[in-house]
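Each residue of the sequence shown is one higher than the last, beginning at 2 in the numbering used here.
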Amino acid sequence: MTNQLPPGQFETDKWPVLHQGDVYSFNQDTWTFKLFGEVKEEVTLRYDDVMSLPKTTSSIDMHCVTTWSKFGNAFEGIAFRELLKQVQLKEDVNFVKIFGYYNGDRFGYSANLPLEKLLGDDALFVYKWKDEHRDWETISPKHGYPLRFIPPASFYLWKGTKWVSGIQFMKEDEEGFWEELGYSMTADPFKEERYK
Ligand SMILES: Nc1nc2c(c(=O)[nH]1)N[C@H]1C(S)=C(S)[C@@H](COP(=O)(O)O)O[C@H]1N2
Ligand SMILES: [Mo]
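Structure, rendered in structure tokens:
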């Protein structure tokens, strides 16, 4: 479902930039993506490994907890489920944390999400986007280049980790960066779940 404005949100035409810390500067030689936690064997993928996975394009609305929402976004990326296929999970894995860079620490930012909500075309690690003003542009460094998670529209956008570095698979739900600071674990904009 697209173009639905959640309560307390207004529509914007621009894509604002919001994050803590530095903008990560991409180095293809050192960049890796790690799949770890409750898996039978950890997997570390290089940039080329990730980019050779099947691609998905999808329209996904963005809802930021600071009250802007942006419609009309199409993204190209690697679906979460394609990365999931790279590992064998242990029993009873129901949650993940998606990690990304924060001030040079590759696991400095994270956001928790329920695994079952990430299996569709609307849970994407993106590198290109388009809207009414641009035609398949590479995601800018400020928005998370080389790879940035865009969550389904049923989550506020802080669940969308920029400069992603890995996925941790978990049996129990655990707080990420903003959740530790009082933001919602479940973060559904349509239920206005902003804070704990
Ligand atoms: N690595 C990282 N990802 C991050 C953040 C951050 O500080 N570091 N901020 C989050 C927050 S609070 C928001 S609202 C969105 C904003 O994404 P945008 O700047 O592309 O609009 O990125 C999320 N992803
Ligand atoms: Mo945010």
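C-beta atoms are modelled at their ideal positions from N, C-alpha and C, and glycine is treated no differently.
These numbers come from a predicted model, not from an experiment.
Residue i: first and last residue of the uninterrupted beta strand (DSSP E) it sits in
i, result
"L36", "33-38"
"R135", "135-139"
"K219", "It is not possible to answer for residue 219, since the shown part of the chain is limited to 2 through 197."
"P115", "106-115"
Assigned exposure category for residue i - 16 Cβ within 10 Å defines buried
i, result
"M52", "exposed"
"T150", "Residue identity differs from the one stated: residue 150 is Phe in this sequence, not Thr. It is buried - the Cβ of F150 has at least 16 other Cβ atoms within 10 Å."
"E92", "exposed"
"G9", "exposed"
"V165", "buried"
"Y104", "The identity of residue 104 in the sequence shown is Asn, whereas the question assumes Tyr. The residue is exposed, with fewer than 16 neighbouring Cβ atoms inside 10 Å."
"Q89", "exposed"
"G183", "exposed"
Alpha carbon of residue i to alpha carbon of residue j, nearest angstrom
i, j, result
"W16", "P147", "17 Å"
"F27", "Y48", "10 Å"
"V94", "Y196", "25 Å"
"F126", "A80", "6 Å"
"F178", "S111", "5 Å"
"W69", "F156", "13 Å"
Closest by C-alpha distance to residue i, when choosing among the options
i, options, result
"P115", "E42, V44, S59, P153", "P153"
"T57", "D50, D122, W179", "D122"
"F37", "W137, F96, Y25", "F96"
"H144", "N113, W130, W69", "W130"
"W137", "F76, F100, F178", "F76"
"K71", "L6, G161, K35, E173", "L6"
"F100", "T33, P190, T3", "T33"
Residue i Cβ short of 7 Å to ligand 2 heavy atom set
i, result
"V24", "no"
"L19", "yes"
"T3", "no"
Residue i CB to nearest heavy atom of ligand 1 below 7 Å
i, result
"G121", "no"
"H144", "yes"
"W1", "Only positions 2 to 197 of the chain appear in the structure, and residue 1 is not among them; the question remains open."
"V127", "no"
"Q169", "no"
"W32", "no"
"W179", "yes"
Residue interval of the alpha helix (DSSP H) (run including residue i)
i, result
"F178", "178-181"
"D199", "Because the chain in this structure spans residues 2 to 197, residue 199 falls outside the shown range and cannot be described."
"E83", "81-85"
Short CB-CB distance (under 8 Å) between residue i and chain B
i, result
"T57", "Going by chain labels, chain B is absent from the structure shown, which holds only one protein chain."
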